[in-house]
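Beneath this line is the structure, given in structure tokens, with notes to follow.
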Amino acid sequence: MTRIDKNTGGAAVTVRGLVKHYGETKALDGVDLDVREGTVMGVLGPNGAGKTTLVRILSTLLKSDSGQATVAGYDVVRQPRQLRRVIGLTGQYASVDEKLSGWENLYMIGRLLDLPRKDARGRADELLERFSLTEAAKRPAATYSGGMRRRLDLAASMIGRPAVLFLDEPTTGLDPRTRNEVWDEVKRMVGDGVTVLLTTQYMEEAEQLASELTVVDRGQVIAGGAIEELKAKVGGRALRIRPADPAHLRPLAVALDELGITGLATTTVDTDRGDVLVPILSDEQLTAVVGAVTARGITLSSLTTELPSLDEVFLSLTGHRASAPQDAVPAEDLQEAAV
Amino acid sequence: MSAVTIHDAEADARISLRGHLRHTGALIRRNLLWIRKDPESMADALLMPVIFTLLFVFVFGGSIGQALGGGQDRYVQYVIPGMIAMMSMTLSQGVGTGFSQDFNSGVMDRFRSLPIGRGSVLFAKISVELLRMLFATAVLMIVAVAVGFEITNWPGLLATVALSTAFASSIMWVFLTLGVILKNAQSVQAMGFLVLFPLQFGSSIFAPTTSMPGWLQAFTDYNPLSTLADAARGLMVGGPVAHDLWVTLGWSVAITAVMAPVAIHKFRTKS
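Sequences listed follow chains A and B, in order. Its first residue numbered 1, the first sequence is counted upward by one per residue in my numbering. Its first residue numbered 340, the second sequence is counted upward by one per residue in my numbering.
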């Protein structure tokens, strides 16, 4: 495996003051980021937050307007070729050739990475085997299912044994079962010691794969740190409590308020849905909530725990909701969403 | 992650000539595999020479042949060398549409994130399209002989093919540029036709230009497709060659000198 140069102080990716405009829109507005060697950094944010722009700049597909970035010690602007040799890229866009079979795709990329013919063949066989695609090896990639396509994408990124792997929303558009398959593959790759920068819209995905998290919104980093810290900040889980009688909603909120665990993040009362969302940090708090509800004699119709959604993470970190889930969000919508 | 390799940054940055050839070869192989998997993609290269030859020879051949002082046979001798010029232009368009598709499918981003020379991708595409063009020319010559064209000068035919290949490889840079800057394959094709139509029909390919109005003659005389067609006539059938040959080569060199750097630059900086 390609090893990152020693002179980088253990940082596989460093980003300083990165700015990128598309006309009037600021896709990146002064982003700083460090990914330590051998770790998985999750970059969490809604569509249009600048995640893809960041990955495209780091993988030399796009030039920034200002700021600096290095990957494995190589400068994205001054040393693009050396940099390309040590990265892998899988994303919404960096794709495989649909007309070629899985094997032909991997062999071609092996040759483009200067593997001798024999090694390129061996590497293609090996990766197809590892990503459970051997049976489909000879079929055109166009006939693959969504999950197989992503696995082939991942395999293609692994041919050059990259030191740093960029995964741009690797499971967007996949059903839950397929998503789990892809997660398992990514975990195995991480187990091999690859440094990963992963962008995602899902807190759950970040929690599954990343050890550190950077939350971005409208081109800016709004929070960052170890995933446990951030989870503590936003409430590790959220408890959704629905009283059987909607009239009990207010007394319920008061009871939860008195418990004092709402201080860590925002407890939201949703009168439309008729439930309360409480961020909790521990099983003890969960038990305390249930105890308080019982003590008040409030009958519940449902009680579920969920991971905080991207929206909730944003709400607690920024006080506004994440931008609407569209690629290009008109400014009015942003303001509306921020209210 | 066990072995520690200290990168020799300079050595990594250079791509040797062999490296370039290997990369271009791998990409040519990719495009040839496309043809093998989808033989229908060769339909244009197969049908265009057949349809155009039959159309022009049997629909217009009689009357234009008379004007040339003969009949349909006379026209066959006139139009076939011109057809070679036309093929070189029409089939060149394929590089643009193919390129546009590669960008939209995301496979181009994969290539651009690999440590290969950006030129390899362009050269591979051009090489494969030139092969398609040569195939179309071979089909054209078979049809030509079937409708009565006499190949009297084999070296002249080979020289014609070489000249039209040189011209095609220069015009392909124009279509490559369109393929990089336009949004999708449809707009590349539409824009391609806008370039193609006036050049093809405002030329001496299908009919002599002597009866055209003066302003149009001024255009057709320096239209590279006219000079290519006239040079082809000279080489294959007989007649003056030198002037048309040099003008055509001049165009090829000029178009390449201007458009190749533009295409490569646009390809490098496309976001």
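Cβ coordinates follow ideal geometry from the N, Cα and C atoms, glycine included. Treat the numbers as computed from the prediction; the structure is a model and nothing was measured.
Secondary structure note for residue 178/A: its alpha helix (DSSP H) is the uninterrupted segment 176 to 191.
At a cut-off of 7 angstroms between C-beta atoms, residue 401/B does not count as an interface residue with respect to chain A. In the structure shown, residue 67/A falls within a strand segment according to DSSP collapsed to helix, strand and coil. Non-local beta-carbon contacts of residue 511/B in its own chain, meaning distances under 7 angstroms to residues more than five positions away in sequence, involve 431, 434, 465, 468 in chain order. Under the DSSP assignment, residue 26/A falls in the beta strand (DSSP E) whose first and last residues are 25 to 36. Under the Cβ distance rule, residue 41/A does not count among the residues neighbouring chain B, no pair being separated by less than 7 angstroms.
For residue 381/B, there is no enclosing beta strand (DSSP E), as DSSP marks it with neither H nor E. Taking CB atoms only, residue 543/B has no neighbour in chain A less than 7 angstroms away.
Using beta-carbon distances, residue 26/A does not count as an interface residue toward chain B, since no partner is under 7 angstroms. For residue 303/A, the uninterrupted beta strand (DSSP E) run begins and ends at 300 to 306, by DSSP. Secondary structure within the region 227 to 283 of chain A: the alpha helix (DSSP H) runs of 4 or more consecutive residues, fully enclosed, are 227 to 234, 249 to 259 (chain order). For residue 97/A, at least one C-beta of chain B is nearer than 7 angstroms to its own C-beta. Judged by beta-carbon spacing, residue 113/A lies within the 7 angstroms limit of residue 160/A, meaning their Cβ atoms are closer than that value. Burial is judged here by how many other beta carbons sit within 10 angstroms of a residue's own beta carbon; residue 585/B has fewer than 16 and is exposed. For residue 529/B, the closest Cβ of chain A is not nearer than 7 angstroms. Looking at the backbone, the Cα of residue 29/A and that of residue 213/A are separated by about 18 angstroms.
In the DSSP assignment, residue 87/A falls within the beta strand (DSSP E) that extends over 87 to 90.
For residue 546/B, no beta strand (DSSP E) encloses it, and the DSSP letter there is neither H nor E. In this structure the region 194 to 213 of chain A lies against the region 38 to 47 of chain A, because at least three pairs of beta carbons, one per stretch, are closer than 8 angstroms.
Distance from the CA of residue 376/B to the CA of residue 99/A, rounded to the nearest whole angstrom, comes to 8 angstroms.
The residues 146, 147, in chain order, have a CB closer than 7 angstroms to that of residue 178/A in the same chain once the five nearest residues on each side in sequence are set aside.
Under the 10 Å beta carbon count, residue 595/B is surrounded by 16 or more other beta carbons and is classified as buried.
Take residue 414/B, set aside five residues on each side of it, and the residues of its chain with a beta-carbon closer than 7 angstroms to its own are 396, 400, 403, 404, 407, in chain order. By the beta-carbon neighbour count (other beta carbons within 10 angstroms, threshold 16), residue 201/A is buried. Of all residues in the region 454 to 479 of chain B, those with a C-beta nearer than 7 angstroms to a C-beta of chain A are 454, 455, reading in chain order. When DSSP states are grouped into helix, strand and coil, residue 220/A belongs to the strand group. For residue 104/A, the C-beta contacts it makes with chain B under 9 angstroms involve 368, 369, 372, in order along the chain. Excluding the 5 residues flanking it on each side, residue 137/A has same chain C-beta neighbours closer than 7 angstroms at 101, 102, 103, 128, in chain order. Counting only residues of its own chain and dropping the five nearest sequence neighbours on each side, residue 436/B has a CB closer than 6 angstroms to the CB of 524, 527, 528. Taking a contact to require three or more Cβ pairs closer than 8 angstroms, the region 372 to 390 of chain B and the region 468 to 484 of chain B qualify as touching. For residue 16/A, there is no enclosing alpha helix (DSSP H); the residue is found in the beta strand (DSSP E) stretching over 11 to 22. For residue 112/A, a Cβ of chain B is located within less than 7 angstroms of the residue's own Cβ. Boundaries of the beta strand (DSSP E) harbouring residue 166/A: 164 to 168, taken from the DSSP string. Beta-bridge partners assigned by DSSP to residue 195/A: 164/A. If you draw a 10 Å sphere on the C-beta of residue 477/B, you find fewer than 16 other C-beta atoms in it, and that means exposed.
Residue 143/A does not reach chain B, its nearest Cβ partner there being about 12 angstroms away, counting only Cβ pairs nearer than 9 angstroms.
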